[in-house]
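Peer 1: Residue numbers (my numbering), protein chains in the order written: chain A, 1 to 229; chain B, 1001 to 1407.
Cβ atoms here follow ideal geometry from the backbone N, Cα and C, with glycine treated the same way.
Model, not experiment: these values are computed from the prediction.
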Amino acid sequence: MNIVECTEINKTYQQGKVEVQALRGISLNIKKGGFIALAGPSGSGKTTLLNIIGGLDHADSGTVNVDGQSFDKMNQSQLANLRLHSIGFVFQSYNLIPVLSAAENVEFVMLLQGIPAAERQGRARTILDDVGLKDKYDRRPAELSGGQQQRVAVARAIVSNPSIVLADEPTANLDSKTGQGLLEMMKKMNVEKKVTFVFSTHDQMVMDYARRLVLIHDGLIDNDLVKKN
Amino acid sequence: MHIHLAWRNIWRNPRRTTVILTAVVIGIWSMVFLGALMRGMMTGMIDNGISTLTGDIQVHHKGYRNDPVIENSMTNPSMLKKILNDTLPNGSQWTARIRVNAVANNARHYSGVTMVGINPAQEAKISFIGPERIQGKYLDSMDHHGIVIGRELLEKFETRIGKKLVLMSQDTNQEIASRAFKIIGIFTAEMKATEKQFVFVTMSAAEKMLKLKNTISEISIIIPENHNNSKIASDIREVLPPKDYEVHTWQELLHILTAYLEMFDQFMYIWFVVVFIAMGFGIVNTTLMAVYERMREFGLLKALGMKPWWIVRSVIYESFLLLIMGMAIGNLLAFACIHALSKNGIDLSYLAEGADYFGISRIIFPDIFFQDVLVANLVVIVLGIIVSIYPAVRAARFTPVEALAHI
Chain A
1 MNIVECTEIN KTYQQGKVEV QALRGISLNI KKGGFIALAG PSGSGKTTLL NIIGGLDHAD
61 SGTVNVDGQS FDKMNQSQLA NLRLHSIGFV FQSYNLIPVL SAAENVEFVM LLQGIPAAER
121 QGRARTILDD VGLKDKYDRR PAELSGGQQQ RVAVARAIVS NPSIVLADEP TANLDSKTGQ
181 GLLEMMKKMN VEKKVTFVFS THDQMVMDYA RRLVLIHDGL IDNDLVKKN
Chain B
1001 MHIHLAWRNI WRNPRRTTVI LTAVVIGIWS MVFLGALMRG MMTGMIDNGI STLTGDIQVH
1061 HKGYRNDPVI ENSMTNPSML KKILNDTLPN GSQWTARIRV NAVANNARHY SGVTMVGINP
1121 AQEAKISFIG PERIQGKYLD SMDHHGIVIG RELLEKFETR IGKKLVLMSQ DTNQEIASRA
1181 FKIIGIFTAE MKATEKQFVF VTMSAAEKML KLKNTISEIS IIIPENHNNS KIASDIREVL
1241 PPKDYEVHTW QELLHILTAY LEMFDQFMYI WFVVVFIAMG FGIVNTTLMA VYERMREFGL
1301 LKALGMKPWW IVRSVIYESF LLLIMGMAIG NLLAFACIHA LSKNGIDLSY LAEGADYFGI
1361 SRIIFPDIFF QDVLVANLVV IVLGIIVSIY PAVRAARFTP VEALAHI
């Protein structure tokens, strides 16, 4: 079953007086439970595609379906609602709300979903334990290392059981050991909780971990490799 | 948690928060405290006006106010007394007076004055003149030669207690009547003009001098505080023959003060808005700065699923907390200042000449009007939130991608 269906996606940016065609008719389907890397050099269009799949940006043409819902006629509020309930995000940097503790950051999405405080707190602590941040509940982001911050971001992304987690260069600011630890953790989540992960990356390690590798170049899919287990 | 988040956000930049908080505190303080002082000044002016022989209601012979001559006096005081006793609510006080323009003179000076013939005991209950404001001796109803004059007039005449003062006026026969009085007391009043203008003798002395019998110029009435003087005045009007009598409230008698009072409310509220405008620029500026600094964070919040309206709400929460804090401190400060001045007031004696001109008391006591405090706080909270909507909407209008790309 496809969790993401993109058909003939085109996206053009205006950079000053120059038009940059970021995506040129890309079509991509992603199956539920996948662990996929969208890879390519800078400017290839991988982040643009990830943003369009996440409803953060809109395509100029083409159709996007996530979790069975088409983006075609959705307004900003409906897209926000879809992101809130079906999509988790992990960004390269500035991932956490600096004035909230690790546990509060994780709770925040559940707060927006209207989950009662006691349940929120319990689930936030459980998920932080799962990502190896036991005893770090009350630390503010500034008191956590880069790797720990990304773990909190992953915990926040998966705590409300989204259909898909989109991670934009999650290891870019981490050293290789920390990055590997983070990927191990996400892989574990993927296997144990069947969470679908889609990465945009040019980090070889992420590509190595991915079970499917979609190579993007100049706004087109260059290659789509499914690895054997 | 939303409030929790807003609280932490406003303390991200303590210096900036302190600056805007100070602006709100000063704004609220000035609105409440200076508003109370202005109200106190107005209350003082009204009290002065009422106690300076006006009262809440006055009854005159028809035409007396336009031409206050002896012919326009009321000639049936016993009928008036009965009507007033039947009409006035319990706790009311009233007194009759003979009031004529006169010339006062001694060996070296003369001056136009208003001679007021009073019933000393009754007068002391309803107007500023009474034993406690007298240096020397207050009038006794049987005293036919004593006179009480103001300190200013005394100094102008370079005289003192025990000296003679002659009054001249027109009597009922249209002839000049004069009578020598002995200064027995000196009164002080809130305004110097009052001390110069009025001289007090007993009713019987005035009757003798002016050759009056059973005749009075005016009746001044003080009613209990919880009664409406307009309604009582109209009740009195209904029972008095309209062709012979006029009944006026203090608002009608002191029409300049009344007009000033009517304008004063509007001035107060305009002033509140002007103070707010100065404060409002600070609020908008600070909120905009805070919003632009956190643009990436708003992008993150949107990416997490926060709807545009929720972003607006979160920014407004921050402004709301700032305003509430500023209002609480500002109000506390204002009430502390009001409390500190409630005993002794602010002494404006050094401005007495100018203050007199406007009928302002020498000492101003702050007077809190609940309505003013409410309006000042409402202006700040409502307009404060309204001006915060602009930066909040700016924050909400960026798409997540634009906001996340913000440096």
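Using DSSP bridges, identify the partner residues of T7(A).
Peer 2: T7(A) pairs with T63(A).
Peer 1: Could you name the residues of the same chain whose beta carbon sits closer than 7 Å to that of H1227(B), not counting the 5 residues immediately before and after it, in chain order?
Peer 2: P1089.
Peer 1: Give a yes or no on contact between the stretch 1133–1144 of chain B and the stretch 1200–1209 of chain B, applying the rule of three or more CB pairs nearer than 8 Å.
Peer 2: The answer is yes - the stretch 1200–1209 of chain B touches the stretch 1133–1144 of chain B, with three or more Cβ pairs under 8 Å.
Peer 1: By the criterion of Cβ-Cβ separation under 9 Å, what are the contact partners of P1366(B) in chain A?
Peer 2: Those within 9 Å of P1366(B) in chain A number zero; the least Cβ separation is about 41 Å.
Peer 1: Buried or exposed: R1160(B), going by 16 or more other Cβ atoms within 10 Å of its Cβ?
Peer 2: By the neighbour-count rule (16 or more Cβ atoms within 10 Å), R1160(B) is not buried but exposed.
Peer 1: Between A172(A) and chain B, is any beta-carbon pair separated by less than 8 Å?
Peer 2: So no, A172(A) is outside the interface.
Peer 1: List the endpoints of the continuous alpha helix (DSSP H) containing Q1170(B).
Peer 2: Here Q1170(B) belongs to no alpha helix (DSSP H); instead the beta strand (DSSP E) covers 1164–1170.
Peer 1: For G1185(B), which of R1294(B), M1191(B), L1165(B) has the nearest alpha-carbon?
Peer 2: Of R1294(B), M1191(B), L1165(B), the residue nearest in Cα terms is L1165(B).
Peer 1: Could you pull out every residue in the same chain whose Cβ sits closer than 6 Å to the Cβ of A155(A), ignoring the five residues on either side in sequence?
Peer 2: For A155(A), where only same-chain residues beyond five positions count, the Cβ hits under 6 Å are V106, I127, L128, V131.
Peer 1: Quick test of the definition: if touching needs 3 or more C-beta pairs under 8 Å, does the stretch 1322–1341 of chain B touch the stretch 1011–1031 of chain B?
Peer 2: Contact between the stretch 1322–1341 of chain B and the stretch 1011–1031 of chain B is present, because at least three Cβ pairs lie under 8 Å.
Peer 1: Give every residue of the same chain whose Cβ lies closer than 6 Å to the Cβ of V46(A), excluding the five residues on either side of it in the sequence, and list them in chain order.
Peer 2: A small correction: the amino acid at residue 46(A) is Lys; Val does not occupy that position in the sequence shown. Contacts found: L38, G40, S200, I216.
Peer 1: Near G181(A), what residues of its chain come up, given a Cβ to Cβ distance below 7 Å and the 5 sequence neighbours on each side ignored?
Peer 2: If we look at G181(A) and ignore the five residues flanking it on each side, its Cβ neighbours are G147.
Peer 1: Where does M1074(B) fall in DSSP's three states?
Peer 2: Three-state DSSP puts M1074(B) in a strand.
Peer 1: Kindly provide the ranges of any alpha helix (DSSP H) runs that are 4 or more residues long and lie completely inside the stretch 1272–1349 of chain B, ordered along the chain.
Peer 2: Segments of the alpha helix (DSSP H) lying fully in the stretch 1272–1349 of chain B: 1295–1304, 1308–1341.
Peer 1: Locate the beta strand (DSSP E) running through R212(A), then write down its first and last residues.
Peer 2: Looking at the DSSP string, the run of the beta strand (DSSP E) that includes R212(A) is 212–217.
Peer 1: Going by beta carbon distance, what residues of the same chain come within less than 7 Å of M205(A), once the five residues before and after it are set aside?
Peer 2: Around M205(A): T171, S176, G179, Q180, L183.
Peer 1: Along the beta strand (DSSP E) that carries W1094(B), what are the first and last residues, could you check?
Peer 2: Where W1094(B) is concerned, the enclosing beta strand (DSSP E) stretches over 1093–1105.
Peer 1: Would DSSP call G88(A) helix, strand or coil?
Peer 2: Correct three-state label for G88(A): strand.
Peer 1: So, at 6 Å on beta carbons, what are the nonlocal neighbours of G1091(B) in its own chain, with the 5 sequence-adjacent residues on each side left out?
Peer 2: Answer for G1091(B): P1224, listed in chain order.
Peer 1: Examine the ligand FMN and report whether any of its heavy atoms sits within less than 7 Å of the Cβ of E1132(B).
Peer 2: As far as ligands go, the structure on display features none, and thus does not contain the ligand FMN.
Peer 1: Anything in the stretch 108–124 of chain A with a Cβ closer than 9 Å to a Cβ of chain B? List those residues in chain order, please.
Peer 2: So the close ones are F108, V109, L111, L112, Q113, A117, R120.
Peer 1: Taking 8 Å as the cut-off, does the stretch 1128–1138 of chain B touch the stretch 1231–1251 of chain B (at least 3 CB pairs, one atom from each stretch)?
Peer 2: Result no; under three Cβ-Cβ pairs closer than 8 Å.
Peer 1: P1014(B) versus chain A: which residues are under 9 Å apart at the beta carbon?
Peer 2: Those within 9 Å of P1014(B) in chain A number zero; the least Cβ separation is about 13 Å.
Peer 1: Give me the Cα-Cα distance between S42(A) and E104(A), rounded to the nearest whole angstrom.
Peer 2: Cα to Cα, S42(A) sits roughly 34 Å from E104(A).
Peer 1: Which two residues bound the contiguous alpha helix (DSSP H) that contains I1232(B)?
Peer 2: Its alpha helix (DSSP H) spans residues 1229–1239.
Peer 1: Does DSSP put K1081(B) in a helix, a strand or coil?
Peer 2: Of the three classes helix, strand and coil, the one that applies to K1081(B) here is helix, per DSSP.
Peer 1: Strictly under 8 Å for the Cβ-Cβ distance: is V1273(B) near chain A by that measure?
Peer 2: Not closer than 8 Å to any Cβ of chain A, the Cβ of V1273(B) fails to qualify, so no.
Peer 1: Classify Y1292(B): buried if its beta carbon has 16 or more other beta carbons within 10 angstroms, exposed otherwise.
Peer 2: Y1292(B) should be labelled exposed.
Peer 1: Between the C-alpha atoms of K31(A) and R1296(B), what's the straight-line distance to the nearest angstrom?
Peer 2: Each residue's Cα considered, the two are about 31 Å apart.
Peer 1: Please identify the residue among I1221(B), V1274(B), E1238(B) whose C-alpha is closest to the C-alpha of W1250(B).
Peer 2: Of the listed residues, the one whose Cα sits closest to W1250(B) is I1221(B).
Peer 1: Given this structure, state the Cα-to-Cα distance separating F1369(B) from I1256(B), to the nearest angstrom.
Peer 2: For F1369(B) and I1256(B), the distance between alpha carbons rounds to 22 Å.
Peer 1: Taking 8 Å as the CB-CB limit, is N1228(B) close to chain A?
Peer 2: So, not an interface residue.
Peer 1: Which first and last residues belong to the alpha helix (DSSP H) in which R24(A) is found?
Peer 2: Premise fails: R24(A) lies in the beta strand (DSSP E), 18–31, not in any alpha helix (DSSP H).
Peer 1: Please check if any C-beta of chain A sits within less than 8 Å of the C-beta of E1293(B).
Peer 2: No, E1293(B) does not count as interfacial toward chain A.
Peer 1: For N161(A), is the classification buried or exposed, using 16 other Cβ atoms within 10 angstroms of its Cβ as the cut-off for buried?
Peer 2: Exposed is the call here.
Peer 1: Where are the beta strand (DSSP E) runs, 3 residues long or more, that stay fully inside the stretch 105–190 of chain A, in chain order?
Peer 2: Within the stretch 105–190 of chain A, the complete beta strand (DSSP E) runs of at least 3 residues are 164–168.
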